[in-house]
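Written below as structure tokens is the structure these notes are about.
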Amino acid sequence: MNRQYRILNCKYILSFWLVISLLFSFQAWGQELDNEISQLTPFIQSLRNFSKNIPQEKVYLHFDNTSYYQGDHIWFKCYIVTCEQHQLSQLSKTLYVELLNPGGEIIDKRILPIENGQCHGDFTLNQLPFYSGFYEVRAYTKYMLNFGDDAIFSRLLPVFNKPKIEGNYEEKDMLKYGRGDYPMKRAKPEKGKTVNLRFFPEGGDMIQGIASRVAFEATGEAGNPIDITGVVIDKNNQELYQFTTLHEGRGVFTYIPGVDKQEAVIEYFGKKYRFDLPIGLPQGVVMEVDNLSYADSIGITLKKSGYASSVKILGVAILSGGKLQNHCYVYIADDKISFKIDKTKLPSGVSQIVLFNSKGDILCDRLVFTGKNELLDIKAKTNKSAYQPYEPVDMEFSVAVLETNPANTTFSVSVRDAANEVESKQNILTDLLLMSEIKGYVRNPSYYFEDNNDTHRAALDVLLMVQGWRRYSWKQMAGVETIDLKYLPEQGIETSGKVVSLGIKQVPKPNVDVSLWLQKRGEEDETGGSFVASFVTGDQGRFSLVADVYGKWNMILGVTEKGKKKNYQIILDRLFSPESKRYRYADMQVNIAENNDEHINDEEIPDHPEEDLKSFFIAYKDSLAKLSISEKTHHLKEVTVTAKKRTKEQDIYHSRSTSLTYYDVRSESDNIYDSGKYIGDDIHQMLMNTNDYFTIVRGGNREFLFYKNKLTLFVIDYQSTEWSELGYFKYKNIRLSAIKSMYINENTSVISQYITSLDPTLSPLEIALTLGCVVLIETFPDGEVPVEESKGIRKTKLEGYSLEKEFYSPDYSVLPPEPDYRRTLYWNPSVTTDEHGHAKIKFYNNSSCTKFGISAETVTSLGLIGIYKNE
Numbered sequence: 014m015n016r017q018y019r020i021l022n023c024k025y026i027l028s029f030w031l032v033i034s035l036l037f038s039f040q041a042w043g044q045e046l047d048n049e050i051s052q053l054t055p056f057i058q059s060l061r062n063f064s065k066n067i068p069q070e071k072v073y074l075h076f077d078n079t080s081y082y083q084g085d086h087i088w089f090k091c092y093i094v095t096c097e098q099h100q101l102s103q104l105s106k107t108l109y110v111e112l113l114n115p116g117g118e119i120i121d122k123r124i125l126p127i128e129n130g131q132c133h134g135d136f137t138l139n140q141l142p143f144y145s146g147f148y149e150v151r152a153y154t155k156y157m158l159n160f161g162d163d164a165i166f167s168r169l170l171p172v173f174n175k176p177k178i179e180g181n182y183e184e185k186d187m188l189k190y191g192r193g194d195y196p197m198k199r200a201k202p203e204k205g206k207t208v209n210l211r212f213f214p215e216g217g218d219m220i221q222g223i224a225s226r227v228a229f230e231a232t233g234e235a236g237n238p239i240d241i242t243g244v245v246i247d248k249n250n251q252e253l254y255q256f257t258t259l260h261e262g263r264g265v266f267t268y269i270p271g272v273d274k275q276e277a278v279i280e281y282f283g284k285k286y287r288f289d290l291p292i293g294l295p296q297g298v299v300m301e302v303d304n305l306s307y308a309d310s311i312g313i314t315l316k317k318s319g320y321a322s323s324v325k326i327l328g329v330a331i332l333s334g335g336k337l338q339n340h341c342y343v344y345i346a347d348d349k350i351s352f353k354i355d356k357t358k359l360p361s362g363v364s365q366i367v368l369f370n371s372k373g374d375i376l377c378d379r380l381v382f383t384g385k386n387e388l389l390d391i392k393a394k395t396n397k398s399a400y401q402p403y404e405p406v407d408m409e410f411s412v413a414v415l416e417t418n419p420a421n422t423t424f425s426v427s428v429r430d431a432a433n434e435v436e437s438k439q440n441i442l443t444d445l446l447l448m449s450e451i452k453g454y455v456r457n458p459s460y461y462f463e464d465n466n467d468t469h470r471a472a473l474d475v476l477l478m479v480q481g482w483r484r485y486s487w488k489q490m491a492g493v494e495t496i497d498l499k500y501l502p503e504q505g506i507e508t509s510g511k512v513v514s515l516g517i518k519q520v521p522k523p524n525v526d527v528s529l530w531l532q533k534r535g536e537e538d539e540t541g542g543s544f545v546a547s548f549v550t551g552d553q554g555r556f557s558l559v560a561d562v563y564g565k566w567n568m569i570l571g572v573t574e575k576g577k578k579k580n581y582q583i584i585l586d587r588l589f590s591p592e593s594k595r596y597r598y599a600d601m602q603v604n605i606a607e608n609n610d611e612h613i614n615d616e617e618i619p620d621h622p623e624e625d626l627k628s629f630f631i632a633y634k635d636s637l638a639k640l641s642i643s644e645k646t647h648h649l650k651e652v653t654v655t656a657k658k659r660t661k662e663q664d665i666y667h668s669r670s671t672s673l674t675y676y677d678v679r680s681e682s683d684n685i686y687d688s689g690k691y692i693g694d695d696i697h698q699m700l701m702n703t704n705d706y707f708t709i710v711r712g713g714n715r716e717f718l719f720y721k722n723k724l725t726l727f728v729i730d731y732q733s734t735e736w737s738e739l740g741y742f743k744y745k746n747i748r749l750s751a752i753k754s755m756y757i758n759e760n761t762s763v764i765s766q767y768i769t770s771l772d773p774t775l776s777p778l779e780i781a782l783t784l785g786c787v788v789l790i791e792t793f794p795d796g797e798v799p800v801e802e803s804k805g806i807r808k809t810k811l812e813g814y815s816l817e818k819e820f821y822s823p824d825y826s827v828l829p830p831e832p833d834y835r836r837t838l839y840w841n842p843s844v845t846t847d848e849h850g851h852a853k854i855k856f857y858n859n860s861s862c863t864k865f866g867i868s869a870e871t872v873t874s875l876g877l878i879g880i881y882k883n884e
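Per this note's numbering, the very first residue in the sequence shown carries number 14; after that it's consecutive.
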């Protein structure tokens, strides 16, 4: 018989009986197998082409510190790598890094130029109002957004209130999450029951009558792992199996599901809890994977029950980093087959084993971890074991491959005062190889890289059975579903958008001329520094331009058609930031490295107290009636209060710092405009589009803005508002383009101080019952108010690449010593080694540091990962 059967790839180790049985098959049976293989082959071809046609990226950020305080700088180094081999990416040239406050608002953003897969930047925690809590830093290329929000980098950082005693970093006061009055854009964290037990059958499903391995995870109400033991019982309460946790609430046991429901019973702190086990399917395939018994291979056992007899051949694909690493076709004879696959050629990190049928449906899949990357070995040493305050510190690093071959590379390094340092269990190794490939809470990712012994490998294997998220979509990779690439890798600062007609329909306007003019902000009166371009819109009214510009620019766009200005709407593609993610309670906890005393953030900081004022807001007794608002007023007895008068600057700082939120009016107006809405100069519409608490109430021939069902007070440049119709509506005469920013403040004392006193009988309580908030309007100074737009013109701003800042380190050889409370003593995002793999750094100690916290991280163009962290 001349026919050859490509049933299994030759890279796989097959059982002898399977090969013999295939060689002596009947001719007709062989043709049937060929037909089934031909149905599987297109999926393999799609998998093979996917990584070539649609490569993917990952981002990792190395931070200078593990926690921060109000007023601190956050310094970071960004590594952008390919998913396939973790090599420095040459794909995208622009990275977006965003800082989100605990409520989920983006309060700062950096746009960074990627050079050789690297860039760096910083944030400053000085924006008012300030809320302590867990801040989120996320980073992504626009291209990464094609693959879902879970593909982006995200890290939670604890940010504490400034210590009451300067330099006392034992103080770690933080507003408890959700207890402040700040706006909440995040979904509320989910709180579990006292004991939560979830089951994860290996491969996906359990089949009745077939022994299956079942992983489980036990957590408490905050999502933290708990250690348990338990038993599986049948409907007659007979004990069938026992199980116990292996590491951090996770474990695995073997279980044969039957037709009847079975339960797991555990005892926790003297109380019993019962949980239903998953119900087994009447027929299907079970996949058992052994990644622990063999050093060079992975054992796979497939068992079927009641499966359609017409199905002879199934496909097995091994995927890593979005790339097909290997595959084979298998025939399950006698309802079971066992074979091995070679894992020595698999890249380090998480791989996915997929069993699929001729329709491209996944029957079983499983995540496994293979190997440890060939790491760069980074060592650090100092010339002394201890240093005096303000003393110079000389530190030397050595970088080598396998400890012997010097590496000429760059790395980022942070040296911190380790006293009272918050512990971090994540680094570039754990993130790129593990955490970026799975989803969910892992309390200590570093544990799985501490050792390669049986205990650690078994714990990692169970972790991957539990954390079931797949970074890559099987259906898209296999060609079952098409992938719509909305964003291509950016090669610079992109300006793209569309020209549409004004009105609700917004009809695209093709073949119209668009002119663009850029002027560097702050250089409007100077010659040079400008940029002019023109282009014609496409069929859908679209246009695009790519430029390498740095800093902030004023941008003017104009539309003409046949030489005449047209009053069309120019909408820019700038609203692509992902939604803020839901926090987990388990993520919001702090562990102090020195004593390892873990505590969940449960200390609540009281709200700002109401301050005593020298005078209160006094209004006309019939003022509400004059404003066409019906409201009963109750007068209380007069109270005289004395207090030390604040300066104007202190009043402004107090008003800002006690506010709930801050709006950059130009940015908010741009966002509304780019969402397709047109609000003109309507300040009411602007506020309602940015804050759901604002609503419009009509009274007489007037339109009033209410906030939380109470009247809104408007204050212009911190000048008192006359409680009269003329004084109250003065804000309506200001164009939105003339407003720089707005603060929303609910504090009664702040509201009171900005209203002219006319009636001494009106109390702060009555003010609180009448007014919901004060909108503090800050206008541009004279001479800086933008000129009003003319027909067919849109004036906006363009954010170019963020300008670099240099980390400040004092030089006490020339400066007199002074109290120095720096927590980050040294930060350098790009330290370069010499040909011997050595690099030296020098900095000065602070006033009190006796122990350094050192972290150095890198990834090379070849994908070699290096870390150093002193214990």
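In this text, a Cβ means the ideal position worked out from N, Cα and C, and glycines have one as well.
Cβ shell of N580 (< 7 Å), same chain only, five flanking positions each side left out: If you number the sequence shown from 1, residue 580 lands on position 567. Counting only Cβ-Cβ distances below 7 Å, and skipping sequence neighbours, we find L515, K804 and G805.
- request: Measure the Cβ-Cβ separation of M699 and F147 and say whether it is below 7 Å.
  value: For the purposes of this step, residue 699 is taken as residue 686 along the sequence shown, with counting starting at 1. For the purposes of this step, residue 147 is taken as residue 134 along the sequence shown, with counting starting at 1. Contact: no.
message: What would DSSP say about C23, mapped onto helix, strand or coil?
response: Taking the sequence shown and counting its residues from 1, one reaches residue 23 at position 10. At C23 the pLDDT is 37, less than 50, meaning the model places this residue with poor confidence and gives no usable figure here.
task: Would you kindly work out how many angstroms separate the C-alpha atoms of G564 and S557, rounded to a whole number?
output: Mapped onto the sequence shown, residue 564 falls at position 551. Mapped onto the sequence shown, residue 557 falls at position 544. Each residue's Cα considered, the two are about 20 Å apart.
query: Whose CA, out of L327, E791 and V227, lies closest to the CA of C341?
result: Counted from its first residue, the sequence shown places residue 341 at position 328. Closest option to C341, Cα to Cα, is L327.
message: Can you look up G740 in the DSSP assignment and give me helix, strand or coil?
response: Within the sequence shown, numbered from 1, the residue matching residue 740 stands at position 727. In this structure, DSSP gives G740 a helical state, which the three-state scheme calls helix.
query: Can you tell me the Cα-Cα spacing of L724 and N174, whole angstroms?
result: As a working mapping, residue 724 is identified with position 711 in the sequence shown. As a working mapping, residue 174 is identified with position 161 in the sequence shown. Going by the C-alpha atoms only, they are around 32 Å apart.
3 or more residues per run - each beta strand (DSSP E) lying fully within the stretch 214-269: For the stretch 214-269, whole beta strand (DSSP E) runs of length 3 or above, ordered along the chain, are 225-232, 242-246, 252-257 and 263-268.
query: Nearest to L380 by CA position, among M300, D273, M490 and V827, is which residue?
result: By one-based count along the sequence shown, residue 380 stands at place 367. Taking only the C-alpha atoms, the option nearest L380 is M300.
Cut-off 7 Å between Cβ atoms - residues of its own chain near L706, not counting five sequence neighbours on either side: Counting from one through the sequence shown, the residue named residue 706 turns up at place 693. The sequence shown places Tyr at residue 706, not Leu. Excluding residues within five positions, the ones whose Cβ falls inside 7 Å are Y720 and K721.
task: Kindly list the residues whose CB is nearer than 8 Å to the CB of A472, restricted to its own chain and excluding five residues on each side of it in sequence; keep chain order.
output: Position 459 of the sequence shown, counting from 1, holds the residue named residue 472. Answer for A472: L259, H260, E261, R263, Y460 and Y461, listed in chain order.
message: Checking the sheet assignment: what are the DSSP bridge partners for W566?
response: Within the sequence shown, the letter at position 553 stands for residue 566. Paired residue(s): K533 and L811.
- prompt: Based on the DSSP output, what are the partners of N841 in its beta bridges?
  reply: If you number the sequence shown from 1, residue 841 lands on position 828. According to DSSP, which records beta bridges pairwise, N841 is partnered with V426.
query: Helix or strand or just coil, what does DSSP make of I165?
result: Taking the first residue of the sequence shown as 1, we reach residue 165 at position 152. Three-state result, I165: coil.
Beta bridge counterpart(s) of Y857 as assigned by DSSP: Your numbering for residue 857 matches position 844 in the sequence shown. According to DSSP, which records beta bridges pairwise, Y857 is partnered with P405.
message: DSSP three-state label for G488, please.
response: Taking the sequence shown and counting its residues from 1, the one referred to as residue 488 is at position 475. Residue 488 is actually Lys in this sequence, not Gly. Three-state DSSP puts K488 in a helix.
task: Rounded to whole angstroms, what's the CA-CA distance from Y821 to M701? Just pull it up for me.
output: For the purposes of this step, residue 821 is taken as the residue at position 808 of the sequence shown. For the purposes of this step, residue 701 is taken as the residue at position 688 of the sequence shown. When rounded, the distance between both Cα atoms is 42 Å.
query: So who's on the other strand from R211, going by DSSP bridges?
result: Locating residue 211 in the sequence shown gives position 198, where the first residue counts as 1. Bridge partners of R211: E230.
query: Pick from R123, T703 and D218: whose alpha carbon is nearest that of Q296?
result: Counting from 1 along the sequence shown, the entry for residue 296 is found at position 283. If we check each option's Cα against that of Q296, D218 comes out closest.
query: Should L726 and I764 be called a contact, given that it needs their Cβ atoms to be closer than 7 Å?
result: Taking the sequence shown and counting its residues from 1, one reaches residue 726 at position 713. Taking the sequence shown and counting its residues from 1, one reaches residue 764 at position 751. Their beta carbons are under 7 Å apart, which means L726 touches I764 by this criterion.
- prompt: Buried or exposed: which applies to W736, given that a residue is buried once 16 or more other Cβ atoms fall within 10 Å of its Cβ?
  reply: Translated into positions along the sequence shown, residue 736 becomes position 723. It is buried - the Cβ of W736 has at least 16 other Cβ atoms within 10 Å.
Where N684 sits in the DSSP three-state scheme: If you number the sequence shown from 1, residue 684 lands on position 671. Reduced to three states, the DSSP call for N684 is helix.
message: Can you tell me whether T154 is buried or exposed? The criterion is at least 16 other CB atoms within 10 Å of its CB, across all chains shown.
response: The count along the sequence shown starts at 1 and reaches residue 154 at position 141. So T154 counts as buried.
- prompt: Where T508 and G216 are concerned, what is the direct C-alpha to C-alpha distance, given to the nearest angstrom?
  reply: To locate residue 508, count along the sequence shown from 1; it is residue 495. To locate residue 216, count along the sequence shown from 1; it is residue 203. Rounded to the nearest angstrom, the two C-alpha atoms are 46 Å apart.
- prompt: Which word fits L811, buried or exposed, when buried means at least 16 other C-beta atoms lie within 10 angstroms of its C-beta?
  reply: Taking the sequence shown and counting its residues from 1, one reaches residue 811 at position 798. So L811 ends up on the buried side.
query: In chain order, which alpha helix (DSSP H) runs of at least 4 residues are fully inside the stretch 694-723?
result: With a minimum length of 4 residues, the continuous alpha helix (DSSP H) runs that stay inside the stretch 694-723 are 696-703.
query: Under a three-way DSSP split, which group does Y633 fall into?
result: Counting from 1 along the sequence shown, the entry for residue 633 is found at position 620. The predicted model places Y633 with a pLDDT of 31, which falls under 50 and marks its position as unreliable; any figure quoted below should be read in that light. Three-state DSSP puts Y633 in coil, outside helix and strand.
- request: Would you mind reading off the limits of the alpha helix (DSSP H) that contains Y666?
  value: What you label residue 666 is simply residue 653 of the sequence shown in a count that begins at 1. Segment K661 to S670, the alpha helix (DSSP H) holding Y666.
query: What does DSSP give as the partner residues of A560 in its beta bridges?
result: In the sequence shown, residue 560 corresponds to position 547, counting from 1. Its beta-bridge partners are I506.
- prompt: In terms of residue numbering, what span does the beta strand (DSSP E) encompassing H469 cover?
  reply: Start at 1 with the first residue of the sequence shown, and residue 469 comes out as number 456. Premise fails: H469 lies in the alpha helix (DSSP H), D467 to V479, not in any beta strand (DSSP E).
task: For the beta strand (DSSP E) holding T783, just list the boundary residues, first then last.
output: Along the sequence shown, read from residue 1 onward, the residue named residue 783 stands at position 770. Annotation: T783 is outside any beta strand (DSSP E); the continuous alpha helix (DSSP H) that includes it extends over P777 to T783.
message: Is it buried or exposed, N524, if we count other Cβ atoms within 10 angstroms and call 16 or more buried?
response: Counting from 1 along the sequence shown, the entry for residue 524 is found at position 511. So N524 counts as exposed.
- prompt: Mapping DSSP to helix, strand and coil, what is L877?
  reply: Reading the sequence shown from its first residue, position 864 is the one you call residue 877. Residue state, collapsed to three classes: coil.
field: Run of the alpha helix (DSSP H) containing S762, from where it starts to where it stops
entry: To locate residue 762, count along the sequence shown from 1; it is residue 749. T761 to Q766 is the span of the alpha helix (DSSP H), which, as asked, contains S762.
- request: Mind reading off the beta-carbon distance from F143 to S874? Whole number of angstroms is fine, and I expect it under 8 Å.
  value: What you label residue 143 is simply residue 130 of the sequence shown in a count that begins at 1. What you label residue 874 is simply residue 861 of the sequence shown in a count that begins at 1. At roughly 40 Å, the Cβ-Cβ gap does not stay under 8 Å, so F143 and S874 are not in contact.
Between the CA atoms of G384 and R211 - distance to the nearest angstrom: Here residue 211 corresponds to residue number 198 of the sequence shown, with the count starting at 1. Here residue 384 corresponds to residue number 371 of the sequence shown, with the count starting at 1. Annotation: R211 to G384 spans about 28 Å, alpha carbon to alpha carbon.
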